[in-house]
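Working notes, structure below.
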Amino acid sequence: MSGGTATSPVRLIICVDGTWDTSEGSYDAIKGALSGAADNVKSINDMVKSGAVGDTSGKTYDQRAHYFQGVGTEESARPANVDYPGMHLVVRATSTFQGATGEGYLDILKKAYKVCCSELQQWENDEIFMFGFSRGAFIVRALASFLQYVGVIKPEHMKTDADFDTRFYDLIRKYYELTKKVQLLGLSDRPKYLTSYCQPSPRVRFIGVFDTVKAVFQLPVHNTLKNGVPIIDFEQDAPHLVDHFRHALALNEGRPLFSPTLWKSEVKLAGSSYEEAWFLGFHHDIGGGSERQGLGLWPLQWMLRAAMDKGLVLDTEKERYNVLFSGEGNVFESAHASEMAMKMTDMIHYHTSKVGEMFKLYLNESSWGLLDTPRNYLEYLTKAPYVQHTKARVFLHPSTYLVFDISLSLRIQLYEWRFFRNFIRDRYLVIPENVLPWWENQAVESILKEASSVEHMRLLIYGRPAIGKSSLISRTFGKWVKSDPSSGAAPAVGAVVSEIDKSICSDIGTPISIPENDLVRVHYSDGFGPGGSDSFEVVEQFLTQYRGRTNPEDKLHAIWYCIDCTEDKTNASEKAFFNLDFGEIPVVVVLMKEEELKTKIRKELSGRRAADEKQVGERFNQIIEKKKAELAKLSPRSWVSIGSSVNTIKILLSETSRNLVDTAAQLTQLKAQRVSVKPKVALATAESIRAYAIWKKSKFDGEKIDFLRNAKDEPKLSRLLMRPVLDSFNMRFPGDDALIQSLLSKSWRDLDSYPANLWDKNIPGDLILMCMLDTIIIMARAFNHTQIRQPLGAIAQPLNTIALQLACTWYTLVTLNKQKAMHSRIKSMLSEKDWSPKDISMGSLQMKVIEAVEVGLESAETFLEDIGTGALDGVKKVVGGIGSRIPLFS
């Protein structure tokens, strides 16, 4: 159908999806599987009301939506009218290549441009809305720029597909020439090229994009597209054609090829608006489509509310519309309200509902994990008042602090983020001081909710013999126990050996004991392949026993399947294992023996020529990618490559946590691991804020809330407060709390004159925070000394008396003023009269407490730089003669 009627011009909506994203969900080109969850662009397309609609201006438009699958989907990779046996393999290979390089983007742009030329012929009355995600965002922005320069082809000059193709590629070449001229001459105005077969494009009323990614990357042997058209770095701004632009950006994304592409033009026409907002999440969190896509709701709501304000009409009967807009409407006034007041509809119910996982708040971290370089969003923010700026306003969206305030699991995830300190500091750029945001009640509920965990995390570590599984256990959780069941002797802590043998683990059903770490139950198996410890039937019976369990306390929570990456092919026993029924148990594949593989590559390369590390790295990556492709056919939940760095174990723990369904199991893994201090600090800080909030509820509202379950046996309030902090670090030994109390309690000894609960109105509120935050910094310092400073590959060490004494002495030394500085920060947050928060928002107080801990944690990590010769003598004096012989600064 071409054009609208004389009384109803066309409002054309173009929706272009991201790489490997389709109408049926996100597409994995290697697995050949769809997620089944619609992402934000597909949701927008589905919500558009088709046909005649009236908008707020009183005009009637014929709304028409067109959806285009993303780069690298089978639709874009499959040749037209071609099919033969094995075609799906060709399509899959083509799809993978397109997804990696962006090749194929021009075909999608051409299809979208053809729709524009066919549908838009009353150019002075019609209008265009465009939406895109990732490379689809690049494509719609490129399309707007293309329309700005060359217009649309007249219908009489595109009667056949061949006619259109000829005109299109001619216009592409002309566009290339024009944009090169603009770049060379530095022109602010954009020259138009209207041939005899083109007419001006209708206005692009609105562009809404999610995390734009550059569409194509030139390869040495692939620098032109079909028909001899050069790869064009399309302009991403079209200020002379686009009235309104909205761009949702991912704060946490860090993959090198996913750098953000913001609006750069300084040109701004009267009545136009260009806004770009940062949201919490990785790339696909912002674009939606993941199994847990709660974070994607907020950029989608922001985008659609702006589009509706500019005329777009949605179908209010659609399910996603009701999720986005059926809640109570709340106007959020930002710190610069005259410029940035915005309406947000309450969707918190969908994040906290116990029914379903789809809209839970979770960071879907990319598999690159901790090796990424997170975006420095600070470089892009424009400062208020934005009215002084002609380019796009770039700001933190208030939903970033909303989701942070209401979700403990999200807060814990964010502690590892490189710009976390900046983020908590910048709260007042978005939320003014002494303002209660409309989500304050939900934030307080989140703070008061006790973080429950399972008693033990149960884990199966499975794989061929002698590939480093025991070392992985020791590095992650601590020393395992070797025992002789026939002797009746007490268990002895095992030495570091290459692998656990059958005398240590008699069968897959008997977990290994880790004496200083009771939170983890590790089941161990060498598999049923050559040299294996268990038969196929035994492994199958073990999985049958656990896969159907629903009680989190009784589940097998995860499987780490360890594979030797030096082996060329996946063996038969590995394939047989993955044909077993795992139920809902997540399987994380762990590629072991990285260093051995690199050594093998060096030997192979040195036989022909001198191998440099770049060549070794390239060959290593090729082998790992091939291994990943083989593993993908086995359908594990995710994979991790384990090297010598402690960071790779952090990635393994992060991937495991991401795949755990039960929050309680996630928290137990957090406590059990001995690799990363930040998550432990996050949980302990949450417990500290919770303790203060319970005291505040009792003092000012008369509401009594239990702080800890089964805490009636604790005689002293200080030890009651220390307990959840010490439990979060899970490095306890008998008398640890008494030792800390003896060395630190001078500042908060008055706590123990009150009952061991938080209901006494006379308890000084500042002492609650002092006690708990002091303990956090002490434990973080002790953890860093015993774990972080160990050699790579060393066993995770338990905490001991000396490490704790050293940490306490460092913290209380007058010359360093660490404890004094912490207490001053705490007092600055609270009223001297009644210890209530100076800022009326508990969310704001929470941020200040977290910032205080972060500052203290930073000093705990720089122990070597802080302490001088005199202070060192003081430490040695406190710990006695032993102090001169222990490795203080290993």
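Take our numbering: the final residue in the sequence shown is number 897, and no numbers are missing along the way. All residues carry an ideal CB built from backbone N, CA and C; glycine is no exception.
- In chain order, what residues of the same chain have a beta carbon less than 7 angstroms from the beta carbon of Ser542, not counting five sequence neighbours either side? As a working note, residue 542 is residue 535 in the sequence shown. Excluding positions up to five away in sequence, the list reads Phe535.
- Which residues mark the beginning and the end of the beta strand (DSSP E) in which Glu283 is found? Taking the first residue of the sequence shown as position 1, residue 283 is located at position 276. Per DSSP, Glu283 belongs to the beta strand (DSSP E) from 280-286.
- Message: Going by beta-carbon coordinates alone, are Ser280 and His251 separated by less than 7 angstroms?
- Response: Mapped onto the sequence shown, residue 280 falls at position 273. Mapped onto the sequence shown, residue 251 falls at position 244. Yes. Within cutoff.
- Task: Go to Gln420, then tell me how far its alpha helix (DSSP H) extends in each direction, as first and last residue.
- Result: As a position in the sequence shown, residue 420 is number 413, starting the count at 1. Residues 415-421.
- Item | Alpha carbon of Leu72 to alpha carbon of Glu163, nearest angstrom | As a first step, residue 72 must be located in the sequence shown, where it is residue number 65. As a first step, residue 163 must be located in the sequence shown, where it is residue number 156. The question names Leu, but residue 72 in the sequence shown is Ala. Approximately 24 angstroms, taken between the alpha carbons.
- Item | Pair within 7 angstroms by beta-carbon distance, Val451 and Leu403 | Taking the first residue of the sequence shown as position 1, residue 451 is located at position 444. Taking the first residue of the sequence shown as position 1, residue 403 is located at position 396. No, Cβ-Cβ distance for Val451 and Leu403 is not below 7 angstroms.
- Quick one, which of His356, Tyr357, Val338 has its alpha-carbon nearest Lys350's? If you number the sequence shown from 1, residue 350 lands on position 343. In this structure, Val338 is the residue among His356, Tyr357, Val338 with its C-alpha nearest to the C-alpha of Lys350.
- Task: Could you check how far apart the C-beta atoms of Asp46 and Gly295 are, in whole angstroms? I think they sit under 8 angstroms.
- Result: For this step, residue 46 is matched to residue 39 along the sequence shown. For this step, residue 295 is matched to residue 288 along the sequence shown. About 4 angstroms; that satisfies the 8 angstroms criterion.
- Three-state class that DSSP yields for Ser459 in the structure shown: The residue labelled residue 459 in the question sits at position 452 within the sequence shown. Correct three-state label for Ser459: coil.
- Message: On the DSSP letters alone, give me the boundaries of the beta strand (DSSP E) that Ala565 sits inside.
- Response: As a position in the sequence shown, residue 565 is number 558, starting the count at 1. Run containing Ala565: 565-571, per the beta strand (DSSP E) assignment.
- Query: Can you tell me where the alpha helix (DSSP H) with His358 in it begins and where it stops?
  - Reply: For the purposes of this step, residue 358 is taken as the residue at position 351 of the sequence shown. For His358, the enclosing alpha helix (DSSP H) stretches over residues 355-359.
- Query: Considering only C-alpha positions, which residue in the set Val682, Phe736, Arg681 is nearest to Leu690?
  - Reply: Here residue 690 corresponds to residue number 683 of the sequence shown, with the count starting at 1. Ranking the options by Cα distance to Leu690, first place goes to Phe736.
- Query: Quick one, are the C-beta atoms of Thr819 and Gln826 less than 7 angstroms apart?
  - Reply: Translated into positions along the sequence shown, residue 819 becomes position 812. Translated into positions along the sequence shown, residue 826 becomes position 819. Their beta carbons are under 7 angstroms apart, which means Thr819 touches Gln826 by this criterion.
- Task: Please determine if the region 263-281 and the region 291-306 are in contact, where contact requires at least 3 C-beta pairs separated by less than 8 angstroms.
- Result: no
- Proximity to Val122 [Cα-Cα], best of Val147, Leu479, Phe140: As a position in the sequence shown, residue 122 is number 115, starting the count at 1. Among Val147, Leu479, Phe140, the Cα nearest to that of Val122 is on Val147.
- Does the beta-carbon distance from Asp773 to Leu751 come in below 7 angstroms? Reading the sequence shown from its first residue, position 766 is the one you call residue 773. Reading the sequence shown from its first residue, position 744 is the one you call residue 751. Not closer than 7 angstroms, so no.
- Item | Sequence-distant residues of its chain with Cβ nearer than 7 angstroms to Pro686 (five each side left out) | Numbered from its first residue, the sequence shown carries residue 686 at position 679. The beta carbon of Pro686 lies closer than 7 angstroms to those of Ile419, Tyr422, Leu677 in the same chain, with the five residues before and after it left out.
- Query: Bridge partners of Cys778, per DSSP?
  - Reply: Translated into the one-based positions of the sequence shown, residue 778 becomes position 771. None, per the DSSP bridge assignment.
- Could you tell me which residues DSSP pairs with Gln70 in its beta bridges? As a first step, residue 70 must be located in the sequence shown, where it is residue number 63. Its beta-bridge partners are Arg18, Gly58.
- Please report how far the alpha carbon of Phe138 lies from the alpha carbon of Val23, in whole angstroms. Sequence index remark: in the sequence shown, residue 138 carries index 131 (1-based). Sequence index remark: in the sequence shown, residue 23 carries index 16 (1-based). Going from the Cα of Phe138 to the Cα of Val23 covers about 6 angstroms.
- Item | As assigned by DSSP and simplified to three states, the class of Tyr469 | One-based indexing of the sequence shown puts residue 469 at position 462. Strand, per DSSP.
- Message: Relative to the C-alpha of Lys4, which candidate in Pro381, Cys572, Ile566 has its C-alpha closest?
- Response: Here the chain covers residues 8 to 897 and nothing more, so residue 4 does not appear.
- Message: Within the continuous beta strand (DSSP E) that includes Phe217, where are the two ends?
- Response: Taking the first residue of the sequence shown as position 1, residue 217 is located at position 210. Counting along the chain, the beta strand (DSSP E) containing Phe217 begins and ends at 210-217.
- Query: Taking the C-alpha atoms as reference points, what is the distance between Pro805 and Ile521?
  - Reply: Reading the sequence shown from its first residue, position 798 is the one you call residue 805. Reading the sequence shown from its first residue, position 514 is the one you call residue 521. Straight-line Cα distance between these residues: approximately 11 angstroms.
- Check whether the Cβ atoms of Leu455 and Ala700 sit closer than 7 angstroms, and answer yes or no. As a working note, residue 455 is residue 448 in the sequence shown. As a working note, residue 700 is residue 693 in the sequence shown. Their beta carbons are under 7 angstroms apart, which means Leu455 touches Ala700 by this criterion.
- Who are Glu134's beta bridge partners in DSSP? Counting from one through the sequence shown, the residue named residue 134 turns up at place 127. Partner(s): Arg18, Arg210.
- Query: Mind checking Arg898: buried by the 16 CB within 10 Å criterion, or exposed?
  - Reply: Look at the range of the chain in this structure, 8 to 897, and you will see that residue 898 is not part of it.
- Query: Looking only at DSSP bridge pairs, what is Ala787 linked to?
  - Reply: Taking the first residue of the sequence shown as 1, we reach residue 787 at position 780. DSSP output for Ala787 lists no bridge partner at all.
- Task: Have a look at Asn259, Leu526, Glu131 and flag the residue whose alpha-carbon is nearest the alpha-carbon of Arg739.
- Result: In the sequence shown, residue 739 corresponds to position 732, counting from 1. Among Asn259, Leu526, Glu131, the Cα nearest to that of Arg739 belongs to Leu526.
- Message: Among Glu620, Ile179, Val668, Tyr568, whose alpha-carbon lies nearest the alpha-carbon of Thr557?
- Response: One-based indexing of the sequence shown puts residue 557 at position 550. For the residues Glu620, Ile179, Val668, Tyr568, the minimum Cα distance to Thr557 belongs to Val668.
- Task: Rank Ala119, Leu258, Ala314 by C-alpha distance to the C-alpha of Asp62 and give the top, closest one.
- Result: For the purposes of this step, residue 62 is taken as the residue at position 55 of the sequence shown. If we check each option's Cα against that of Asp62, Ala314 comes out closest.
- Under the DSSP definition of a beta bridge, which residues are partnered with Phe535? Sequence index remark: in the sequence shown, residue 535 carries index 528 (1-based). Beta-bridge analysis with DSSP links Phe535 to no other residue.
- Query: In terms of residues, what are the limits of the alpha helix (DSSP H) holding Gly294?
  - Reply: Within the sequence shown, residue 294 is the residue found at index 287, counting from 1. Counting along the chain, the alpha helix (DSSP H) containing Gly294 begins and ends at 290-294.
- Task: Kindly confirm or deny that the region 704-711 and the region 466-475 touch, where touching means at least three C-beta pairs closer than 8 angstroms.
- Result: no
- Excluding the 5 residues preceding and the 5 following Met354 in the sequence, name in chain order all residues of the same chain whose CB lies nearer than 6 angstroms to its CB. As a working mapping, residue 354 is identified with position 347 in the sequence shown. In its chain, beyond the 5 residues on either side, Leu304, Gly334 have a beta carbon closer than 6 angstroms to the beta carbon of Met354.
- Item | Per-residue burial, Leu264 [other beta carbons within 10 Å of its own, 16 or more giving buried] | Counting from one through the sequence shown, the residue named residue 264 turns up at place 257. Only exposed fits Leu264, as fewer than 16 other CB atoms lie within 10 angstroms of its CB.
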